[in-house]
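Engineer:
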Amino acid sequence: MELPKLNFQETFDFKFKKDKDKFFIYDLIRKTYLLLTPEEWVRQHWVHYYLTVKSYSTSALITEKKIVLNGLTKRIDLLITEKTQPKILIECKAPQIKLTEKTFEQTARYNSIIGASEIVLTNGLQHINAKFEEGNYTFYKP
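Each residue of the sequence shown is one higher than the last, beginning at 1 in the UniProt record's numbering.
#1: Suppose you measure from the CA of S117 to the CA of F132; what does that come to, to the nearest Å?
#2: Considering only the beta carbon of each residue, do V53 and T122 sit closer than 8 Å?
#3: Rounded to whole angstroms, how far is the Cβ of V120 from the Cβ of I97, which I believe are closer than 8 Å?
#4: Going by beta-carbon coordinates alone, are L28 and L51 separated by less than 8 Å?
#5: Nearest-angstrom Cα distance between I80 and Q44?
#6: Is N136 close to the ligand SAM? I mean its beta-carbon at under 7 Å from any heavy atom of the ligand.
#7: Cβ of F65 within 8 Å of Cβ of I76?
#8: Which word fits N111, buried or exposed, when buried means at least 16 other C-beta atoms lie within 10 angstroms of its C-beta?
#9: Please report how far the alpha carbon of E40 lies from the alpha carbon of A94, in whole angstroms.
#10: Hey, could you find the ends of the alpha helix (DSSP H) A108 is sitting in?
#11: For E2 and T138, what's the separation of their Cα atoms in angstroms?
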């Protein structure tokens, strides 16, 4: 399986396995192998980044949490918490998905339920960071 090199300075030590013709990647949060999709490839980079580079504990990271938005059940990709409070909401897209105002608005809608002080919209190649303060998003480069 050919995986794209993503835009991270670090290299991470991922565990993979193959079953029949499918590839799986080990998720350190859920402690299980997950189907290796392009979006999962991006999410696992962020999981490893927050665990190894930022030294968060696995209990501070929440993946695929269900939320209800306008009566519809949605799932957030990754939430970083501090003292159980939402801090950073990360919405992962596959590397070939272009990040647009529409995809950012989706992330902001999810955050209207979650209430994180920061959001990251990423396709692994491009990362859009925004802080939420006083009802507005301010974009920044980390």
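Beta carbons: idealized from backbone N, C-alpha and C, even for Gly.
Structural biologist: Result, derived from the coordinates:
#1: S117 and F132 have their C-alpha atoms spaced approximately 5 Å apart.
#2: no
#3: Under the criterion of beta carbons closer than 8 Å, V120 and I97 do not qualify as touching, at roughly 15 Å.
#4: yes
#5: 13 Å
#6: Here there are no bound small molecules, and the ligand SAM is not part of this structure.
#7: Per the sequence presented here, residue 65 reads as Lys, with Phe not at that position. Closer than 8 Å, so yes.
#8: So N111 counts as buried.
#9: E40 and A94 have their C-alpha atoms roughly 8 Å apart.
#10: 101-114
#11: 36 Å
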